[in-house]
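Per our numbering, the very first residue in the sequence shown carries number 345; after that it's consecutive.
Report on the following structure.
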Amino acid sequence: MRINKFLAEKGIASRRHADEMISAGRVKINGQIATLGASVEEGDEVMVDDVIVSMEETKLEYYIMNKPKGVVCTVSDDRGRKTVMDLLPESVGRVFPVGRLDYATEGLLIMTNDGDLAFRLTHPTAEIPKTYMARIEGTLTEKDLNPIRSGVELDGVLTKKCKAHIVETNKAYTKVHVTITEGRNRQVRRMFEAIGRNVEFLKRVSIGQLKLKGLDRGEIRELTEMEIAYLKGL
Ligand code: URA
Numbered sequence: 345m346r347i348n349k350f351l352a353e354k355g356i357a358s359r360r361h362a363d364e365m366i367s368a369g370r371v372k373i374n375g376q377i378a379t380l381g382a383s384v385e386e387g388d389e390v391m392v393d394d395v396i397v398s399m400e401e402t403k404l405e406y407y408i409m410n411k412p413k414g415v416v417c418t419v420s421d422d423r424g425r426k427t428v429m430d431l432l433p434e435s436v437g438r439v440f441p442v443g444r445l446d447y448a449t450e451g452l453l454i455m456t457n458d459g460d461l462a463f464r465l466t467h468p469t470a471e472i473p474k475t476y477m478a479r480i481e482g483t484l485t486e487k488d489l490n491p492i493r494s495g496v497e498l499d500g501v502l503t504k505k506c507k508a509h510i511v512e513t514n515k516a517y518t519k520v521h522v523t524i525t526e527g528r529n530r531q532v533r534r535m536f537e538a539i540g541r542n543v544e545f546l547k548r549v550s551i552g553q554l555k556l557k558g559l560d561r562g563e564i565r566e567l568t569e570m571e572i573a574y575l576k577g578l
């Protein structure tokens, strides 16, 4: 089995993150620094950061969190900021966030140790719809959203067609529901910046049919069997 798949199945990281760890020289197979694409088989000793990865079966765990703003979506932060890991109750095993929400963005975050599911959900070809509630400074009309719907240029590449509609508007702010199928860096914020508007509040409210509602800020619950089966089928 490929080393990145092995680490994903062990719940160490998503396959992509596992590749980063391998490239950074943090993974050893039988005492030798592993290379990208290396394979492991029964009887091999795998270490991450010089800690042995158990060959035992790992229990897979799946959670949904309402990430508050002011928290980073990484396992550890080199600037010492609070991370989503700090919000996990003691009873939760080693899980990691699936994809990212910005420091200032709140809302639906899946956390799991199922690296294969994480890999599939975040893979660009999966095109899973993610809906955000964005509050924009000032008044907007449906027409103003047309460039967002048809695609704006970010780093020289057009964003894919997406859905956007106004939920509420007044002199002070406009609330917009935006559904994108990509996951580019700060995508929703930058799409509005591209039309000269400022997002003052951003929250992810759903991933596919999986909804955030019912969870308070910072709260976490286990996903149900049905929700897990749904995500695996996406
Ligand atoms: N778009 C953003 O701008 N930020 C996020 O965290 C997610 C999508």
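No residue lacks a Cβ here, since even glycine has one placed at the ideal position from N, Cα and C.
If you drop the 5 nearest sequence neighbours on each side, which residues of the same chain put their C-beta closer than 8 Å to that of residue i?
i: Ile-564; result: Tyr-407, Ile-408, Met-409, Asn-410, Leu-431, Leu-432, Pro-433, Val-436, Met-455
i: Asn-514; result: Thr-483
i: His-509; result: Glu-486, Leu-489, Val-520, His-521
i: Ser-358; result: Ala-352, Phe-440, Val-442, Gly-459, Ala-462, Phe-463, Thr-466
Ordered along the chain, which non-local residues of its own chain (more than five positions away) have a Cβ less than 6 Å from that of residue i?
i: Met-391; result: Lys-372
i: Leu-567; result: Tyr-406, Ile-408
i: Leu-318; result: Because residue 318 is not part of the residues shown, which for the chain are 345 to 578, the question remains open.
i: Asn-542; result: Glu-481
i: Asp-458; result: Leu-404
i: Ala-538; result: Val-496
i: Val-439; result: Glu-405, Met-455, Thr-456, Asn-457
i: Asp-393; result: Arg-370
i: Arg-479; result: Tyr-517, Lys-519, Glu-544, Phe-545
Between the Cα of residue i and the Cα atoms of the options, which residue gives the shortest distance?
i: Thr-475; options: Thr-513, Ser-550, Val-416; result: Ser-550
i: Met-535; options: Leu-502, Asp-560, Thr-513, Pro-412; result: Leu-502
i: Arg-561; options: Met-570, Ile-572, Asn-490, Lys-547; result: Lys-547
i: Cys-506; options: Thr-525, Leu-380, Leu-465; result: Thr-525
i: Ile-472; options: Lys-557, Thr-518, Thr-523, Arg-346; result: Thr-523
i: Ala-516; options: Ile-539, Glu-481, Asp-499; result: Glu-481
i: Asn-529; options: Asp-446, His-467, Leu-452, Gly-387; result: Asp-446
i: Lys-487; options: Val-520, Gly-355, Gly-387; result: Val-520
i: Glu-544; options: Glu-401, Met-365, Glu-386, Glu-450; result: Glu-450
i: Val-511; options: Asp-499, Ser-367, Leu-489, Gly-500; result: Leu-489
i: Arg-533; options: His-509, Ile-492, Gly-577; result: Ile-492
i: Asp-363; options: Gly-355, Asn-348, Gln-553; result: Asn-348
i: Thr-518; options: Leu-578, Ser-358, Met-477, Gly-369; result: Met-477
i: Thr-402; options: Thr-466, Glu-385, Leu-498, Ile-356; result: Ile-356
i: Leu-578; options: Ala-470, Gly-527, Lys-557; result: Ala-470
i: Leu-498; options: Ser-420, Gln-531, His-467; result: Gln-531
i: Gly-527; options: Gly-387, Pro-468, Gly-414; result: Pro-468
i: Lys-413; options: Met-399, Glu-385, Leu-452, Ala-368; result: Leu-452
Go ahead and pull the three-state DSSP assignment for residue i.
i: His-509; result: strand
i: Gln-531; result: helix
i: Asn-348; result: helix
i: Arg-493; result: helix
i: Glu-544; result: strand
i: Met-391; result: strand
i: Thr-469; result: helix
i: Leu-461; result: helix
i: Val-501; result: strand
i: Lys-515; result: coil
i: Glu-450; result: strand
i: Val-436; result: coil
i: Val-416; result: strand
Near residue i, what residues of its chain come up, given a Cβ to Cβ distance below 7 Å and the 5 sequence neighbours on each side ignored?
i: Glu-389; result: Asn-374, Ile-396
i: Ser-494; result: Lys-505
i: Arg-425; result: Val-416
i: Gly-381; result: Arg-346
i: Asp-460; result: Ala-352, Glu-353
i: Ala-378; result: Ile-347, Ile-366, Val-371, Lys-372
i: Arg-444; result: Cys-417
Would you give the residue range spanned by the beta strand (DSSP E) that residue i belongs to?
i: Ala-362; result: Here Ala-362 belongs to no beta strand (DSSP E); instead the alpha helix (DSSP H) covers 359-367.
i: Ile-373; result: 371-373
i: Arg-565; result: 564-566
Identify every residue that forms a DSSP beta bridge with residue i.
i: Tyr-574; result: Answer is none; Tyr-574 lacks a bridge partner.
i: Lys-474; result: Ile-524, Ile-551
i: Met-455; result: Tyr-407, Pro-441
i: Arg-423; result: Looking at the DSSP assignment, Arg-423 forms no beta bridge with any residue, so it has no partner.
i: Glu-481; result: Tyr-517
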